[in-house]
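Student: Here you go, one structure.
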Amino acid sequence: MENQNQNPGRRGGACSDGSSIQKQGETKGRKQSHKIPTSPKKSEVRPRGHTGGKPHECDQCGKTFATSSSLKTHQSIHTGEKPHGCDECGKAFLSKATLKIHQRIHTGEKPYGCEECGQHFRTTGDLRVHRRAHTGERPYGCDQCSKAFLTSGDLNIHKRVHTGERPYSCDQCGKAFTTRGYLQIHRRLHTGEKPYNCEYCEKTFAAQGRWAIHLKMHRGEKPHQCDQCGKSFLLSCQLKQHQYIHTGERPYPCERCDKAFSNPAGLKRHHIVHSGEKPYGCDQCGKSFARTRGLKSHEQTCKRNLTSGTPVEILLSESVTTISISTLT
């Protein structure tokens, strides 16, 4: 075997990764160490780890890789092949690493913890995004409106609100959605599938997000705290709406009058004033009310009237006909 110290391309000097190589005979061969061959022999080519070379090229898109195994994994994107299957649910993945992360859904493993609130996550990426909830950082802003998002993926999905794009359609009913995930959840309405089970009660869920929120309710988790009054909330959107109390902001205006509200629920209740809708009906006499508060107050009076013998008026459908019924015995 040829002595590497006699190879002018490897003798002394600095390694390409910045480290210094000290060898016997360095001084003796110092002049030779500066001679870099313009066309080195195949045996004199440095290892890829030192040169940073990526000799394995994808014939589909031209992307290059350091190893043949990395190239093979990449090519699965073009072929659609997903050779690594989960033995719990059958879902398949391009790489073993992605499969391993997925399997944490079944095992419940969440090795990455937040130092602020103690919440744990399956991946470092999930933890990084979560930390922005504490810092308030939303680095991805929409150029169409003032909204900003935690991730670039969330921003891309939001942009479909402006473009009207809904690329994922249900083959059962034709309803279209902005993401593949929303379509998958929707399809479970047709199949009745609810794969997410609560470990504390018998409830099951079609969507993983709703399941996760439900679990937090059992655990009493309220990770989102108001910095003005200290009140805590389960969801970040609940905290945001609460903070309008302190700022006085009312971002939900009524389009039919000059009133505005701090949350969409308040605006929805207000709309009933304009529409005349009375969706809350008394099951004793049929009288309807715009709000549950009015219905509850009426039900107490209605119940007393029935027990005391006072006649109760029943409004039939949309007719003005009034029927007086006698005491129920």
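full-length UniProt numbering puts the sequence shown at residues 1 to 329. Cβ atoms here follow ideal geometry from the backbone N, Cα and C, with glycine treated the same way. These numbers were taken from a predicted model, which means no experiment stands behind them.
1. I need the boundaries of the alpha helix (DSSP H) containing Y182, first residue and last residue.
2. Which first and last residues belong to the alpha helix (DSSP H) in which R250 is found?
3. When we look at the beta-carbon of H224 and count the other beta-carbons within 10 Å, is it buried (16 or more) or exposed?
4. Taking P195 as the reference, which of Q208, H186, Q103, C117 has the closest Cα?
5. Report the rounded CA-to-CA distance for R187 versus R210, giving the unit in angstroms.
6. Within the same chain, show all residues whose beta-carbon is closer than 6 Å to that of E318, passing over the 5 residues directly before and after it, in chain order.
7. Taking the C-alpha atoms as reference points, what is the distance between L127 and R138?
8. Tell me whether the beta-carbon of H134 lies closer than 7 Å to the beta-carbon of E116.
9. Would you please state the rounded distance, in angstroms, between the beta carbons of A265 and K278? I believe it to be under 8 Å.
10. My output table needs one value for S76: the three-state DSSP class, helix, strand or coil.
11. Return the first residue and the last residue of the alpha helix (DSSP H) that A212 is part of.
12. Provide the residue span of the alpha helix (DSSP H) that contains T163, from first to last.
13. With DSSP run on the structure shown, which of helix, strand or coil describes S146?
14. Would you kindly check if the distance between the Cβ of H74 and the Cβ of C58 is under 7 Å?
15. Could you give the first and the last residue of the continuous alpha helix (DSSP H) run that contains P195?
16. Quick check on this structure: which residue in K240, E81, L267 has the alpha carbon closest to the alpha carbon of C226?
17. Under 8 Å Cβ to Cβ from A206, same chain only, skipping five residues before and after it: list those, please.
18. Nearest to A66 by alpha carbon, out of S76, T179, G53, R256?
19. Considering Cα atoms alone, identify which of F261, Q172, Y182 is closest to T191.
20. Please list, in chain order, all residues of the same chain as V129 whose beta carbon is under 7 Å from its beta carbon, the five residues on each side excluded.
21. Which runs of the beta strand (DSSP E) at least 3 residues long sit entirely within the UniProt domain "C2H2-type" (224–251)? Give them in chain order.
22. Keeping to the same chain, check which residues put their C-beta closer than 8 Å to that of R48; ignore five residues upstream and five downstream.
Tutor: So, from the data block:
1. As a position in the sequence shown, residue 182 is number 182, starting the count at 1. Segment 180–191, the alpha helix (DSSP H) holding Y182.
2. By one-based count along the sequence shown, residue 250 stands at place 250. Counting along the chain, R250 falls outside any alpha helix (DSSP H), and DSSP gives it neither H nor E.
3. Taking the sequence shown and counting its residues from 1, the one referred to as residue 224 is at position 224. By the 10 Å Cβ count, H224 comes out buried.
4. As a working mapping, residue 195 is identified with position 195 in the sequence shown. When only C-alpha atoms are compared, the closest one is Q208.
5. Counting from one through the sequence shown, the residue named residue 187 turns up at place 187. Counting from one through the sequence shown, the residue named residue 210 turns up at place 210. Rounded to the nearest angstrom, the two C-alpha atoms are 16 Å apart.
6. Translated into positions along the sequence shown, residue 318 becomes position 318. Low confidence applies to E318: its pLDDT is 35, below 50, so where it sits in the model is not reliable enough to give any reading.
7. Locating residue 127 in the sequence shown gives position 127, counting from the first residue. Locating residue 138 in the sequence shown gives position 138, counting from the first residue. Their backbone Cα atoms lie some 15 Å apart in a straight line.
8. Translated into positions along the sequence shown, residue 134 becomes position 134. Translated into positions along the sequence shown, residue 116 becomes position 116. Result yes, Cβ atoms of H134 and E116 sit closer than 7 Å.
9. Sequence index remark: in the sequence shown, residue 265 carries index 265 (1-based). Sequence index remark: in the sequence shown, residue 278 carries index 278 (1-based). The Cβ separation is near 18 Å, so there is no contact.
10. Taking the sequence shown and counting its residues from 1, one reaches residue 76 at position 76. Note: S76 maps to helix in three-state DSSP.
11. Locating residue 212 in the sequence shown gives position 212, counting from the first residue. That run of the alpha helix (DSSP H) goes 208–219.
12. For the purposes of this step, residue 163 is identified with residue 163 of the sequence shown, where counting begins at 1. Per DSSP, T163 belongs to the alpha helix (DSSP H) from 152–163.
13. Working through the sequence shown from its first residue, we reach residue 146 at position 146. In the structure shown, S146 sits in coil (DSSP, three-state: anything other than H, G, I, E or B).
14. Working through the sequence shown from its first residue, we reach residue 58 at position 58. Working through the sequence shown from its first residue, we reach residue 74 at position 74. Cβ atoms of C58 and H74: closer than 7 Å.
15. Here the question's residue 195 lines up with position 195 in the sequence shown. P195 -> no alpha helix (DSSP H), and no H or E assigned at all.
16. One-based indexing of the sequence shown puts residue 226 at position 226. The residue with the shortest Cα to Cα distance from C226 is K240.
17. Here the question's residue 206 lines up with position 206 in the sequence shown. Same-chain partners within the cutoff: I185, R188, L189, E193, K194, P195, Y196.
18. Numbered from 1 along the sequence shown, position 66 holds the residue referred to as residue 66. For the residues S76, T179, G53, R256, the minimum Cα distance to A66 belongs to G53.
19. As a working mapping, residue 191 is identified with position 191 in the sequence shown. The residue with the shortest Cα to Cα distance from T191 is Q172.
20. Counted from its first residue, the sequence shown places residue 129 at position 129. Cβ neighbours of V129 beyond the five flanking positions: L150, T151.
21. none
22. Here residue 48 refers to the residue found at position 48 of the sequence shown. Any reading at R48 must be qualified, since the residue scores a pLDDT of 42, below 50, and its modelled position is unreliable; the value itself is stated next. For R48, where only same-chain residues beyond five positions count, the Cβ hits under 8 Å are K54, P55, A66.
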